[in-house]
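> Protein chains in written order, with our numbering: chain A, 29 to 263; chain B, 29 to 263.
Glycine included, each C-beta is placed from N, C-alpha and C at the ideal position.
Just so it is clear, the structure is predicted and the values come from calculations on it, not from any experiment.
Got a structure for you, questions after.
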């Protein structure tokens, strides 16, 4: 397989065409951003760690019947994926209060929610990925009602699987962000990545943060958090 | 009937007990606030005008089969209503883009939406009545799923009735805010008010604003906007 021209560069990943139909290569970078790009930095070897963690998690999800874009880990930083058109929605799933749930509604950080909370944000850098609801999605033609229904169901299933996975390695899954894509055949599958960049992961005993909040909040030991997750996941 | 002690004072209305079981008196004030109370002022005779407009609209809605808290207009500023416990949700219905739809998502003001947009905000002054979704409502125990379903259905029915009413008096119904209440028997009915304080109303031909945006944005001729709506509604 040949890696061809880059077709997209995001904050944490590059995507390349290949000479195989409908297959792309994702290249994980060490760049870290927060607060809609206002804060920028580098986390040493983050690309290697996130590729490792995401590959492992996508494989597990596939085993549990979730359809993902993952095909194969190619190298330290490279993942082979199915070509999709990304649905312009960030899907947030929250089991404990943190981040905007605390800022917007005053729910104290760490509060266990009785009900899993699912939120959609409109992927739009100019407007800071604003929070939207199902009516906005329909009015702005971001996805069909049938697609939104699939995405909600899949996100909640993925949550159950990830809670269990994390529990087994002594981590509380506080919240996480998913993105979905449409295959050329119009099927909705999980895309993007699942890593400490996109999840809040707290040690179940010490409640120590093992995710990008260490970078966002200048808490130090940023790399150590990611390394800890890699080690526990590879277990 | 005797007007007894005040049990609640909001930004634009006072509510009094009466000596009749389960009946309250709402007293409409001239006070105007905007931006979560940051901007304060008075609109001369607003209380009289909003009581007139709301009474007329509630009566029409009742005729069309919508259950409301309205019983009777008692005087210039007073309305007799059924006692309810207000559901802590602001229900926003949007037919054209304006306000937060423009600010948050960049949809140009005045754009006609293909789909009516319904939004819930959590009535909470400290947090600025933040936008929430159905998962937050459930997780924060603000209303049951059955109540939310009734509220959504009623709000969309009310929208159809109000669009028609406004069309007949040459006004475009841009958007509006509703509040619902629970009767002592647990029934969900429309409460609060429907007036230029809670609706965006534009002249259908000139697109002149005839609502509280004239106050919010210091556009002048604030009272004139309200008077125009009263005159057209009383027809």
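1. So, is residue 35 of chain A buried or exposed, given that buried needs 16 or more other C-beta atoms within 10 angstroms?
2. Between the Cα of residue 136 of chain B and those of B:58, B:127 and B:253, spot the shortest distance and give me the residue it belongs to.
3. Where residue 240 of chain B and residue 75 of chain B are concerned, what is the direct C-alpha to C-alpha distance, given to the nearest angstrom?
4. Residue ranges of each alpha helix (DSSP H) run of no fewer than 4 residues wholly in the segment 133–197 of chain B, ordered along the chain?
5. Considering only DSSP beta bridges, list what residue 101 of chain A is partnered with.
6. For residue 233 of chain A and residue 167 of chain A, I'd like the C-alpha separation in whole angstroms.
7. Taking 7 Å as the CB-CB limit, is residue 194 of chain B close to chain A?
8. Along chain A, in chain order, which residues have C-beta atoms closer than 9 Å to that of residue 142 of chain B?
9. Given this structure, state the Cα-to-Cα distance separating residue 224 of chain B from residue 153 of chain B, to the nearest angstrom.
10. Anyone know if the C-beta pair for residue 186 of chain A and residue 94 of chain A falls short of 7 Å?
11. Applying a beta-carbon distance threshold of less than 9 Å, which residues of chain B neighbour residue 136 of chain A?
12. How would you list, in chain order, the residues of chain B whose beta-carbon sits under 9 Å from the beta-carbon of residue 78 of chain A?
13. So, with DSSP's three-state summary, where would you put residue 69 of chain B?
14. Assuming residue 79 of chain A and residue 111 of chain A make a contact with CB atoms under 8 Å, what is their CB distance in whole Å?
15. Assuming residue 178 of chain A and residue 204 of chain A form a contact by the criterion Cβ under 8 Å, report the distance between their Cβ atoms to the nearest whole angstrom.
16. Given this structure, state the Cα-to-Cα distance separating residue 90 of chain A from residue 108 of chain A, to the nearest angstrom.
17. With 16 as the cutoff for other CB atoms within 10 Å, does residue 328 of chain A come out buried or exposed?
18. Residue 161 of chain B versus chain A: which residues are under 7 Å apart at the beta carbon?
19. What does residue 29 of chain B pair with, by DSSP beta-bridge criteria?
20. Check this for me: beta carbons of residue 199 of chain B and residue 218 of chain B, under 7 Å apart or not?
21. Using the C-alpha atoms, what's the distance from residue 251 of chain B back to residue 59 of chain A?
22. Does the beta carbon of residue 228 of chain A sit closer than 7 Å to a beta carbon anywhere in chain B?
23. Cutting at 6 Å between CB atoms, please list the residues of its own chain near residue 194 of chain A, excluding the five before and the five after it.
24. Roughly how many angstroms lie between the CA atoms of residue 162 of chain A and residue 32 of chain B, to the nearest whole one?
25. Our contact map puts residue 238 of chain A next to residue 246 of chain A with C-beta atoms below 8 Å; I'd like the distance itself, whole angstroms only.
26. Assign residue 86 of chain B to one of three DSSP states: helix, strand, or coil.
27. Need the endpoints of the alpha helix (DSSP H) that residue 258 of chain B sits in, please.
In this structure, then:
1. Walking along the first chain from the start, residue 35 of chain A turns up at place 7. Classification of residue 35 of chain A: exposed, given that the 10 Å Cβ count is below 16.
2. What you label residue 136 of chain B is simply residue 108 of the second chain in a count that begins at 1. Of the listed residues, the one whose Cα sits closest to residue 136 of chain B is B:127.
3. Indexing the second chain from 1 puts residue 240 of chain B at position 212. Indexing the second chain from 1 puts residue 75 of chain B at position 47. Roughly 13 Å between the two C-alpha positions.
4. 162–167 and 173–196
5. Against the first chain, residue 101 of chain A aligns to sequence position 73. For residue 101 of chain A, which the question treats as bridged, DSSP gives the partners A:107.
6. Your numbering for residue 233 of chain A matches position 205 in the first chain. Your numbering for residue 167 of chain A matches position 139 in the first chain. So the two alpha carbons sit approximately 44 Å from each other.
7. As a working note, residue 194 of chain B is residue 166 in the second chain. No - not a single Cβ of chain A is within 7 Å of the one on residue 194 of chain B.
8. Position 114 of the second chain, counting from 1, holds the residue named residue 142 of chain B. Correct list: 166, 167 and 169.
9. What you label residue 224 of chain B is simply residue 196 of the second chain in a count that begins at 1. What you label residue 153 of chain B is simply residue 125 of the second chain in a count that begins at 1. Their Cα atoms are separated by approximately 21 Å.
10. Mapped onto the first chain, residue 186 of chain A falls at position 158. Mapped onto the first chain, residue 94 of chain A falls at position 66. Yes; because the gap between Cβ atoms is below 7 Å, this pair is in contact.
11. As a position in the first chain, residue 136 of chain A is number 108, starting the count at 1. In chain order: nothing, as chain B lies at least about 13 Å away.
12. Mapped onto the first chain, residue 78 of chain A falls at position 50. Within 9 Å Cβ-Cβ: nothing; residue 78 of chain A doesn't reach chain B, min ~27 Å.
13. Residue 69 of chain B sits at position 41 when you count from the first residue of the second chain. The answer is strand: DSSP assigns residue 69 of chain B an E or B state.
14. Indexing the first chain from 1 puts residue 79 of chain A at position 51. Indexing the first chain from 1 puts residue 111 of chain A at position 83. Going by Cβ atoms, the distance from residue 79 of chain A to residue 111 of chain A rounds to 18 Å, so no, they are not a contact pair.
15. Walking along the first chain from the start, residue 178 of chain A turns up at place 150. Walking along the first chain from the start, residue 204 of chain A turns up at place 176. Actually they do not touch by this definition, with Cβ atoms about 18 Å apart.
16. Taking the first residue of the first chain as position 1, residue 90 of chain A is located at position 62. Taking the first residue of the first chain as position 1, residue 108 of chain A is located at position 80. Distance between the alpha carbons of residue 90 of chain A and residue 108 of chain A: 15 Å.
17. Residue 328 of chain A is absent from the model: chain A starts at 29 and stops at 263.
18. The sequence position of residue 161 of chain B within the second chain is 133, counting from 1. Going along chain A in sequence order, the residues near residue 161 of chain B (Cβ under 7 Å) are 147 and 161.
19. What you label residue 29 of chain B is simply residue 1 of the second chain in a count that begins at 1. According to DSSP, residue 29 of chain B bridges with nothing at all.
20. Looking up residue 199 of chain B in the second chain gives position 171. Looking up residue 218 of chain B in the second chain gives position 190. Against a cut-off of 7 Å, the Cβ pair of residue 218 of chain B and residue 199 of chain B comes out as no contact.
21. For this step, residue 59 of chain A is matched to residue 31 along the first chain. For this step, residue 251 of chain B is matched to residue 223 along the second chain. Approximately 55 Å between the Cα atoms of the pair.
22. In the first chain, the residue the question calls residue 228 of chain A occupies position 200. Closer than 7 Å: no.
23. Counting from one through the first chain, the residue named residue 194 of chain A turns up at place 166. Excluding residues within five positions, the ones whose Cβ falls inside 6 Å are 201.
24. Residue numbering aside, residue 162 of chain A sits at position 134 when the first chain is read from its first letter. Residue numbering aside, residue 32 of chain B sits at position 4 when the second chain is read from its first letter. Whole-angstrom Cα-Cα distance: 44 Å.
25. Sequence index remark: in the first chain, residue 238 of chain A carries index 210 (1-based). Sequence index remark: in the first chain, residue 246 of chain A carries index 218 (1-based). At roughly 16 Å, the Cβ-Cβ gap does not stay under 8 Å, so residue 238 of chain A and residue 246 of chain A are not in contact.
26. Taking the first residue of the second chain as 1, we reach residue 86 of chain B at position 58. In this structure, residue 86 of chain B counts as helix in the three-state DSSP scheme.
27. Position 230 of the second chain, counted from the first residue, corresponds to residue 258 of chain B. Segment 250–262, the alpha helix (DSSP H) holding residue 258 of chain B.
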